[in-house]
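Participant: Just passing along the structure, written as structure tokens.
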Amino acid sequence: MSSIRKIGQIRRVLDRKTTLTLIHAFVTSKLDTCNALLPNLPANELMKLQRIQNIAARITEKATGLTSTTSLLRNLHWLPINKRIHFKILLLTYKSLSNSTPSYLSELIHTYTPSRALRSQNKHLLQIPRFKTQYYGRSSFTFNAPTLWNSLPLAIRTAPSIQTFKTALKTYLFKN
């Protein structure tokens, strides 16, 4: 929070590009660190992170408190915190499926193979594991990755390249 305050104090002498660079270096990078571990964070804790992002957006755009943060985030092409978390998990999932991650991550994700021939077998779905403890099991990457992946449209799940996947996913998350 202190870095946002310091950037805000010198904002009037900075141009937009420099401000964006500072915000990405000192704020956004910290918001994105390990955010794949945060999908089931309580709403009040997510709101704290969202407030930080909103302040960063206001400073970057030199906006007053009356300006809608939703429009500021959209102008900056920044996803809200909860969707940033989903983006990170889905990106890790895509990379795992295309063998672009370490084996310990790829081993956590299993494709869905039905026991008999079904129409859903060619939809690139992932198997959602079952857990004995609901709270801890549902907060894991092993559960969240397939759940989020299976909710994506088929066109995004079958993207031919990582860049195409990122673009389509970000557009999808902005619209939904």
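Numbering (this note's numbering), first residue to last: 135 to 310.
For every residue, glycine included, the Cβ atom is placed at its ideal position computed from N, Cα and C.
1. According to DSSP, is residue 167 helix, strand or coil?
2. Would you identify the three-state DSSP class for residue 245, choosing helix, strand or coil?
3. Just checking my contact of residue 157 with residue 194 at CB under 8 angstroms: how many whole Å lie between their CB atoms?
4. Between the C-alpha atoms of residue 208 and residue 224, what's the straight-line distance to the nearest angstrom?
5. Considering only their Cβ atoms, is the gap separating residue 259 from residue 246 smaller than 7 angstroms?
6. Going by the DSSP bridge assignment, what does residue 260 pair with across the sheet?
7. By how many angstroms is the C-alpha of residue 141 removed from the C-alpha of residue 178?
8. Could you spell out the range, first to last residue, of the alpha helix (DSSP H) harbouring residue 300?
9. Would the segment 280-290 and the segment 214-224 be scored as touching if the rule is three or more Cβ pairs under 8 angstroms?
10. DSSP state of residue 221, grouped into three classes?
11. In whole angstroms, give me the CA-to-CA distance for residue 187 and residue 244.
12. Between residue 170 and residue 275, which are expected to be in contact by the criterion C-beta below 8 angstroms, what is the C-beta distance as a whole number of angstroms?
13. Would you tell me roughly how many angstroms separate the C-alpha atoms of residue 291 and residue 299, rounded to the nearest one?
14. Can you find the residues in the same chain that come closer than 7 angstroms, C-beta to C-beta, to residue 216, ignoring five residues on each side of it along the sequence?
15. Can you check whether the CB of residue 210 is closer than 7 angstroms to the CB of residue 257?
16. Measure from the alpha carbon of residue 286 to the alpha carbon of each residue in 303, 297, 295, then state which is nearest.
Facilitator: Concretely, from the data shown:
1. The residue you call residue 167 lines up with position 33 of the sequence shown. Here DSSP, grouped into helix, strand and coil, assigns residue 167 to coil.
2. Counting from one through the sequence shown, the residue named residue 245 turns up at place 111. In the structure shown, residue 245 sits in a strand (DSSP, three-state: E or B).
3. Sequence index remark: in the sequence shown, residue 157 carries index 23 (1-based). Sequence index remark: in the sequence shown, residue 194 carries index 60 (1-based). A Cβ-Cβ distance of about 6 angstroms is found for the pair residue 157 and residue 194, placing them in contact under the 8 angstroms criterion.
4. Translated into positions along the sequence shown, residue 208 becomes position 74. Translated into positions along the sequence shown, residue 224 becomes position 90. So the two alpha carbons sit approximately 20 angstroms from each other.
5. Position 112 of the sequence shown, counted from the first residue, corresponds to residue 246. Position 125 of the sequence shown, counted from the first residue, corresponds to residue 259. Pairing residue 246 with residue 259 gives a Cβ-Cβ distance under 7 angstroms.
6. In the sequence shown, the residue the question calls residue 260 occupies position 126. DSSP output for residue 260 lists 245 as bridge partner(s).
7. Counted from its first residue, the sequence shown places residue 178 at position 44. Counted from its first residue, the sequence shown places residue 141 at position 7. Roughly 26 angstroms separates the two Cα atoms.
8. Counted from its first residue, the sequence shown places residue 300 at position 166. Where residue 300 is concerned, the enclosing alpha helix (DSSP H) stretches over 296-309.
9. yes
10. As a position in the sequence shown, residue 221 is number 87, starting the count at 1. Three-state result, residue 221: helix.
11. Your numbering for residue 187 matches position 53 in the sequence shown. Your numbering for residue 244 matches position 110 in the sequence shown. Approximately 34 angstroms between the Cα atoms of the pair.
12. Your numbering for residue 170 matches position 36 in the sequence shown. Your numbering for residue 275 matches position 141 in the sequence shown. The beta carbons of residue 170 and residue 275 sit about 6 angstroms from each other, so the pair counts as a contact at 8 angstroms.
13. One-based indexing of the sequence shown puts residue 291 at position 157. One-based indexing of the sequence shown puts residue 299 at position 165. A direct Cα-to-Cα measurement between residue 291 and residue 299 gives close to 8 angstroms.
14. Your numbering for residue 216 matches position 82 in the sequence shown. 180.
15. Stepping through the sequence shown from its first residue, residue 257 is reached at position 123. Stepping through the sequence shown from its first residue, residue 210 is reached at position 76. Not closer than 7 angstroms, so no.
16. Taking the sequence shown and counting its residues from 1, the one referred to as residue 286 is at position 152. For the residues 303, 297, 295, the minimum Cα distance to residue 286 belongs to 303.
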